[in-house]
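Chemist: Counting along the sequence shown from 1, when you hit position 153 you're at 153 in the UniProt record's numbering, and nothing is skipped either side.
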Amino acid sequence: MLAGTAKLNSAQVHVLLATVKTVINEPELQGKDEDRAVATQKIVRQVHSEVTELDEREILRLIDSLFVKRFGLFTPDRLEEDQENTPAEIDDYWEVSPDFNEFAQNLVNHLGQSAPANDLNELQQVSRVLLAEQFMSPKTNPQTWPLLVAHKEEIADQWRQGGRFILEVGD
């Protein structure tokens with residue numbers, strides 16, 4: 001689905017997901033089949049609020065390379081103005097493909113497929129189990145329990161940094 005020659009790096013993936021989220025939540029595109037133009041700068045600024053480690057110029061470049069050139073889901077556009085009403089600044093727009101929602105659904109489905117446990121490191125394997133289950137013991141999880149015991153301090157630190165869950169690890 002993510003056709004291209006190279007794998008996406010973490011910044012590209014972050015921009016990809018933030019852009020999908022932004023476009024899906026864009027009120028101007030809700031329920032529209034006709035005019036699906038959205039201001040380029042509006043999308044870039046919204047994505048920048050999610051991807052703060054990159055500047056807006058780099059985000060624009062990544063969105064262009066992913067959604068315009070690679071996937072063909074955005075078509076560069078400019079609003080049609082008559083000669084008298086030509087504004088001092090010309091706003092760029094992207095015409096969003098009607099196939100965008102289908103692309104987003106396929107992306108979600110692809111990401112929803114669980115990766116084999118052997119592709120995950122030991123900490124990720126334990127975290128995956130802990131996210132799915134509230135309780136873990138040697139009887140219920142004989143494969144991952146030794147990993148939890150071996151890395152309990154490191155795992156507890158990771159969970160504490162997230163601030164969303166409290167992980168209690170007993171002996």
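Ideal Cβ placement from N, Cα and C applies to all residues, glycine included.
What did DSSP end up calling D77 once you bin it into helix, strand or coil?
Modeler: Within the sequence shown, residue 77 is the residue found at index 77, counting from 1. It is a strand residue.
Chemist: Starting from E95 and walking both ways along the beta strand (DSSP E), at which residues does that stretch end?
Modeler: To locate residue 95, count along the sequence shown from 1; it is residue 95. Its beta strand (DSSP E) spans residues D92 to V96.
Chemist: On the CB-based measure, 16 or more other CB atoms within 10 Å of its CB, does V47 come out buried or exposed?
Modeler: In the sequence shown, residue 47 corresponds to position 47, counting from 1. So V47 ends up on the buried side.
Chemist: How is the alpha helix (DSSP H) around V126 delimited, first residue to last?
Modeler: Residue mapping note: residue 126 aligns to position 126 of the sequence shown, counting from 1. E122 to A132 is the extent of the alpha helix (DSSP H) around V126.
Chemist: Please name the residue in F71, L17 and G162 whose C-alpha comes closest to that of E50.
Modeler: Residue mapping note: residue 50 aligns to position 50 of the sequence shown, counting from 1. Answer by Cα proximity: L17.
Chemist: With DSSP run on the structure shown, which of helix, strand or coil describes V51?
Modeler: Counting from one through the sequence shown, the residue named residue 51 turns up at place 51. Of the three classes helix, strand and coil, the one that applies to V51 here is coil, per DSSP.
Chemist: What is the rounded straight-line gap between the Cα of T75 and the Cα of L62?
Modeler: Locating residue 75 in the sequence shown gives position 75, counting from the first residue. Locating residue 62 in the sequence shown gives position 62, counting from the first residue. One C-alpha to the other measures close to 15 Å.
Chemist: In its own chain, which residues sit with a C-beta less than 7 Å from the C-beta of A88, not counting the 5 before and 5 after it?
Modeler: Within the sequence shown, numbered from 1, the residue matching residue 88 stands at position 88. Any reading at A88 needs caution, since the residue's pLDDT is 46, under 50, leaving its predicted position unreliable; the model's value is listed next. Here the set comprises nothing.
Chemist: Can you check DSSP and say which residues form a bridge with A39?
Modeler: To locate residue 39, count along the sequence shown from 1; it is residue 39. Partner(s): Y93.
Chemist: Rounded to a whole number of angstroms, what is the C-alpha to C-alpha distance between N101 and R45?
Modeler: Within the sequence shown, residue 101 is the residue found at index 101, counting from 1. Within the sequence shown, residue 45 is the residue found at index 45, counting from 1. Distance between the alpha carbons of N101 and R45: 21 Å.
Chemist: Quick check: the region 124-135 against the region 35-45, are at least 3 beta-carbon pairs closer than 8 Å?
Modeler: As far as the Cβ criterion goes, the region 35-45 does not touch the region 124-135, which means the pair count is below three.
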